[in-house]
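*Asks:* Per our numbering, the sequence shown runs over residues 662 to 996.
The following block contains the structure, expressed as structure tokens.
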Amino acid sequence: MRIGLAGTGRIGAFHARTLAGLDSVDSLVLFDVVPEAARAAADAVGGTVAPSIEALLASDLDGFVITTGTHTHAELIRAGLAAGIPTFCEKPVAGDVASSVELANLAADTDVPVHIGFQRRFDAGYRRLRDAVQGGELGWIHSVRAATHDQSPPPAAYIPTSGGLFRDCSVHDFDILRFVTGREVVSVYGVGANKGERFFTEGGDVDTAAAVLTLDDGTLAMVSATRYNGAGHDVRMEVHGSAGAMSVGLDDSYAFTSAEAGVQFPPGPRHWSFMERFLPAYQVELGAFVDVAAGRIPSPCTVADGLAAARIAEACSISREQDRPVELSEIPGLP
């Protein structure tokens with residue numbers, strides 16, 4: 662298979678290496694607005710460089726991978742659909758809900774598959790948790806706790822274009838909450854605070870946030886996020902039910918130190934970045950996209966799924982800004 666990739670920054674170069682290691686991928690064609698970055702990534706994987714997006718999409722591709730900035734996602738997904746090429750796009754679908762709704766409608770009217778990149782769906786722990794929840798192993802579920810705690814903040818220049826902590830970071834928790842429980846969020850209450858660098862406040866964002874979400878069956882979910890978890894990269898989910906409880910992320914790499922005397926857990930080593938934490942999941946995810954592009958499986962995370970997570974993030978952002986509960990029915994995009 663011949664795969665085209667647009668965007669050869671950190672995640673793009675990483676995805677190019679992963680794709681190059683798949684047996685079914687014969688060749689890679691790369692594009693970046695910084696030609697030197699595309700050339701370096703291509704040289705590292707034995708690929709070629711396209712001089713433009715138009716040239717990339719005209720390269721007889723079997724699949725198109727988008728790892729560019731958020732503000733370009735909607736335009737490039739449209740281009741992939743127009744070219745009839747199965748498309749993979751890192752989250753989010755678009756920079757705003759309205760564009761995500763438009764793309765969800767467009768994708769629904771075509772047979773060209775689009776796979777949105779929420780890699781936690783391919784993590785072995787989250788998949789085991791999903792099976793336990795939806796198979797009834799934990800009884801009826803009454804509460805869920807999810808956390809995404811980054812070890813250190815991104816560059817200041819990233820914040821004004823990120824969409825905010827709920828849309829940029831917690832959106833992963835919102836997607837995996839739907840994936841694990843099989844339920845939909847009906848209302849949220851979000852809060853946030855700043856105690857770190859001033860550029861968060863100056864960019865209209867927060868460095869730490871939390872939200873309480875109510876699901877359509879009455880389950881309560883508590884989600885937290887921060888840019889300042891000095892102990893390490895901490896991504897977890899706990900599900901509590903009438904017959905048992907189960908967690909993901911509570912393992913040897915757990916970024917905590919116990920205050921209990923004589924307790925040696927967790928022994929480490931800790932994770933320090935999301936790419937380290939989810940390396941196997943990213944590899945499985947791209948392997949799945951190749952299967953999507955080959956027509957072997959349907960998209961495991963559609964544009965509609967991406968829209969659903971974006972709507973929850975939007976509701977939490979509005980809730981934080983307006984200091985009130987927000988019903989998901991207030992957010993555009995209901996079927």
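Using N, Cα and C, we set each Cβ at its ideal position, and we do this for glycine too.
Please read these numbers as outputs of a predicted model, since none were measured by experiment.
1) Consult DSSP for V924 and reduce its assignment to one of helix, strand or coil.
2) Would you kindly check if the distance between the Cβ of A769 and the Cβ of P993 is under 8 angstroms?
3) Using three-state DSSP, classify V726 as helix, strand or coil.
4) Am I right that D868 and S823 are in contact with their C-beta atoms under 8 angstroms? What's the rounded C-beta distance?
5) Spatial neighbours of V754 within its chain, please: CB distance less than 8 angstroms, with the 5 preceding and 5 following residues excluded, ordered by chain position.
6) Is D784 buried or exposed, if buried means 16 or more other CB atoms sit within 10 Å of its CB?
7) Considering only their Cβ atoms, is the gap separating F725 from G797 smaller than 8 angstroms?
8) Among residues of its own chain, excluding the 5 on either side of E988, which ones have a beta-carbon nearer than 8 angstroms to its beta-carbon?
9) Helix or strand or just coil, what does DSSP make of L666?
10) When the Cα atoms are used, what is the spatial distance from S804 to M883?
11) Going by beta-carbon coordinates alone, are I727 and C750 separated by less than 8 angstroms?
12) Can you confirm whether the segment 922-938 touches the segment 875-893 when touching is taken to mean that 3 or more C-beta pairs between the two stretches lie within less than 8 angstroms?
13) How big is the Cα-Cα spacing for L874 and L881?
14) If you pair each beta-carbon of the segment 813-828 with each one of the segment 854-864, do three or more pairs fall below 8 angstroms?
15) Ignoring anything shorter than 4 residues or poking outside the segment 913-977, list the alpha helix (DSSP H) runs there in chain order.
16) Quick check: the segment 687-702 against the segment 665-678, are at least 3 beta-carbon pairs closer than 8 angstroms?
17) Within the continuous alpha helix (DSSP H) that includes L758, where are the two ends?
18) Measure how close the beta-carbons of G800 and S903 come, nearest whole angstrom, since I'm counting them as under 8 angstroms.
19) Might you give, ordered along the chain, the residues of its own chain that have their beta carbon closer than 7 angstroms to the beta carbon of S960, omitting 5 neighbours on each side?
20) In the DSSP output, which residue or residues are listed as bridge partners for C750?
21) Since G851 and A872 are thought to touch, with beta carbons under 8 angstroms apart, how far apart are those beta carbons, to the nearest angstrom?
22) What's the C-alpha gap between A744 and Q925?
23) Say whether the segment 828-848 touches the segment 788-797, bearing in mind that this needs 3 or more beta-carbon pairs closer than 8 angstroms, one atom from each stretch.
24) Put D895 into one of helix, strand or coil per three-state DSSP.
25) Please tell me whether L826 and A886 are closer than 8 angstroms, where the distance is taken between their beta carbons.
26) Per DSSP, which residues does I802 bridge with? Please list them.
27) Sort out for me which residues DSSP pairs G851 with in a bridge.
*Replies:* So, from the listed chains and residues:
1) The residue labelled residue 924 in the question sits at position 263 within the sequence shown. Residue state, collapsed to three classes: coil.
2) In the sequence shown, counting from the first residue as 1, residue 993 sits at position 332. In the sequence shown, counting from the first residue as 1, residue 769 sits at position 108. No.
3) Counting from 1 along the sequence shown, the entry for residue 726 is found at position 65. Correct three-state label for V726: strand.
4) Residue mapping note: residue 868 aligns to position 207 of the sequence shown, counting from 1. Residue mapping note: residue 823 aligns to position 162 of the sequence shown, counting from 1. Wrong, their Cβ atoms sit about 12 angstroms apart, outside the cutoff.
5) As a working note, residue 754 is residue 93 in the sequence shown. If we look at V754 and ignore the five residues flanking it on each side, its Cβ neighbours are H734, A735, I738, S760, S761, L764, A765, I777, V964, G967, L968 and A971.
6) Taking the sequence shown and counting its residues from 1, the one referred to as residue 784 is at position 123. Its Cβ being crowded by 16 or more others within 10 Å, D784 is buried.
7) As a position in the sequence shown, residue 797 is number 136, starting the count at 1. As a position in the sequence shown, residue 725 is number 64, starting the count at 1. Going by C-beta atoms, G797 is not nearer than 8 angstroms to F725.
8) By one-based count along the sequence shown, residue 988 stands at place 327. Here the set comprises V847, S848 and A976.
9) Indexing the sequence shown from 1 puts residue 666 at position 5. It is a strand residue.
10) As a position in the sequence shown, residue 804 is number 143, starting the count at 1. As a position in the sequence shown, residue 883 is number 222, starting the count at 1. Going from the Cα of S804 to the Cα of M883 covers about 8 angstroms.
11) What you label residue 727 is simply residue 66 of the sequence shown in a count that begins at 1. What you label residue 750 is simply residue 89 of the sequence shown in a count that begins at 1. It is a contact, given that the beta carbons lie within the stated cut-off.
12) yes
13) Position 213 of the sequence shown, counted from the first residue, corresponds to residue 874. Position 220 of the sequence shown, counted from the first residue, corresponds to residue 881. If you take the alpha carbons of L874 and L881, they lie about 6 angstroms apart.
14) yes
15) 935-938 and 940-954
16) yes
17) The count along the sequence shown starts at 1 and reaches residue 758 at position 97. It should be noted that the sequence gives Val, not Leu, for residue 758. Per DSSP, V758 belongs to the alpha helix (DSSP H) from V758 to A769.
18) On the sequence shown, position 139 is the one that residue 800 refers to. On the sequence shown, position 242 is the one that residue 903 refers to. With 8 angstroms as the limit, G800 and S903 qualify as a contact, their Cβ atoms being about 3 angstroms apart.
19) Within the sequence shown, residue 960 is the residue found at index 299, counting from 1. The answer, listed in chain order, is P774, V775, H776 and V953.
20) Against the sequence shown, residue 750 aligns to sequence position 89. I727 and I777.
21) Working through the sequence shown from its first residue, we reach residue 851 at position 190. Working through the sequence shown from its first residue, we reach residue 872 at position 211. Sure, about 4 angstroms apart at Cβ, within 8 angstroms.
22) On the sequence shown, residue 744 is found 83 positions in, with the first residue counted as 1. On the sequence shown, residue 925 is found 264 positions in, with the first residue counted as 1. Cα-Cα distance, rounded: 56 angstroms.
23) yes
24) For the purposes of this step, residue 895 is identified with residue 234 of the sequence shown, where counting begins at 1. Residue state, collapsed to three classes: strand.
25) As a position in the sequence shown, residue 826 is number 165, starting the count at 1. As a position in the sequence shown, residue 886 is number 225, starting the count at 1. Yes, the pair counts as a contact, with Cβ atoms nearer than the cut-off.
26) Within the sequence shown, numbered from 1, the residue matching residue 802 stands at position 141. The partner list for I802 (beta bridge, DSSP) reads G902.
27) Mapped onto the sequence shown, residue 851 falls at position 190. Answer is A872.
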